[in-house]
Structure formats: structure tokens, C-alpha cells
Amino acid sequence: MEIDYKKDQHFWHFITSTIYLALIILMIVSLNKLGKIPNHIPTFDFFMLALATFRITRLLVHDLVSDFVRDAFSDATYGLKLTLHDLLDCPWCTGAWVSLFVGFAYFTTPLAWPILLIMAVAGFGTLLTILASLMMVSLNGK
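Quick note: the sequence shown uses this note's numbering, first residue -8, plus one each step.
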């Protein structure tokens, strides 16, 4: 039996998108039960969460230290494994998932704060490195 790869991937993308939406709903319900539904986020915390999400996403999608995670899915040709490969190959997709977990951790436990702060500082450092590299490229014309 021949597999229709496009339909197979549409199916798995639908499943993972449904799981993502279910996790959002579960997060909202959990935060509501805990009485932690936010009505605002301090500006500093927002930028901290954004930088932490950026750094964790970059760690998963680009950094050499996480090659073993991406390599586990690199030989995928269809099915859930290919969908996970696609997810880890897409910074926007991975970032959406990471932001869900970062946000949930931030709102549910103060233990997440030091980890998120470290990731945010690392994210800021990464941004500075990227900006410095871009400046060097533009100055050198390469």
C-alpha cells in the first residue's frame, strides 16, 4: 500500500495543532482553577518571557548542543516523526510551542523565575551577538 505523504502530513499537522490548542485550553483552565489568570504582565516580565522564549527556541532549532534532538527526527520521511522534524526545523512553529510552556511556567510557579531569567539574559546576549555579526557583515560588505 502506497502512502499519500501529503495527506499523511496534513493529518499529523492537524493532530499536533489540535494538541497545541488543547494545551492552550488546559493551561487557561488550570490557571483559572489556581486563581492565576493574569489581567496584566509587567513590561519587564513581558520582555523577559520574550527573550527566554527566543533563547529556548534558538537552542532547540539552531544550536549545535541540541543536534541530538534534531538528529532523532532527521531521517523521517512521513508520519508523526516527520511532523516533529518539521516543527524543530521551523523557529516560528517551535517558538509558539515554547512560548506556551514558558508562559505556563511563569504563571504557575515561582521556581521557573530563575530559569526564565537565565534564559532571558542568554537570549539578550544572543541578540547582541547576532547584531554584532550583522554589523560586521554590513561594514565588510560580505
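Every residue gets a Cβ at the ideal spot worked out from N, C-alpha and C, and that includes glycine.
Proximity below 9 Å, CB of residue i to CB of residue j
{"i": "leucine 40", "j": "leucine 107", "result": "yes"}
{"i": "histidine 4", "j": "aspartate 77", "result": "yes"}
{"i": "isoleucine 47", "j": "valine 89", "result": "yes"}
{"i": "leucine 42", "j": "alanine 87", "result": "no"}
{"i": "isoleucine 6", "j": "threonine 74", "result": "yes"}
{"i": "tyrosine 97", "j": "tyrosine -4", "result": "no"}
{"i": "histidine 53", "j": "proline 82", "result": "yes"}
{"i": "threonine 117", "j": "arginine 49", "result": "yes"}
{"i": "threonine 44", "j": "glycine 114", "result": "yes"}
{"i": "phenylalanine 64", "j": "lysine 72", "result": "yes"}
Reference residue i, options the options, closest by Cα
{"i": "aspartate 36", "options": "Gly70, Val52, Gly94, Gly116", "result": "Gly94"}
{"i": "glycine 26", "options": "Gly132, Ala63, Ala67, Thr100", "result": "Thr100"}
{"i": "phenylalanine 38", "options": "Met127, Leu12, Ile109, Leu130", "result": "Ile109"}
Sequence-distant residues of its chain with Cβ nearer than 8 Å to residue i (five each side left out)
{"i": "leucine 14", "result": "Leu91"}
{"i": "threonine 145", "result": "This structure does not reach residue 145, given that the chain is present from -8 up to 133, and the question cannot be answered."}
{"i": "serine 147", "result": "Nothing can be reported for residue 147, as the shown portion of the chain is limited to -8 through 133."}
Any non-hydrogen atom of the ligand COA closer than 8 Å to residue i Cβ
{"i": "aspartate -5", "result": "Here there are no bound small molecules, and the ligand COA is not part of this structure."}
Residues of its chain near residue i, where Cβ-Cβ distance is below 7 Å and the 5 sequence neighbours each way are ignored
{"i": "alanine 103", "result": "Ala96, Tyr97"}
{"i": "histidine 1", "result": "none"}
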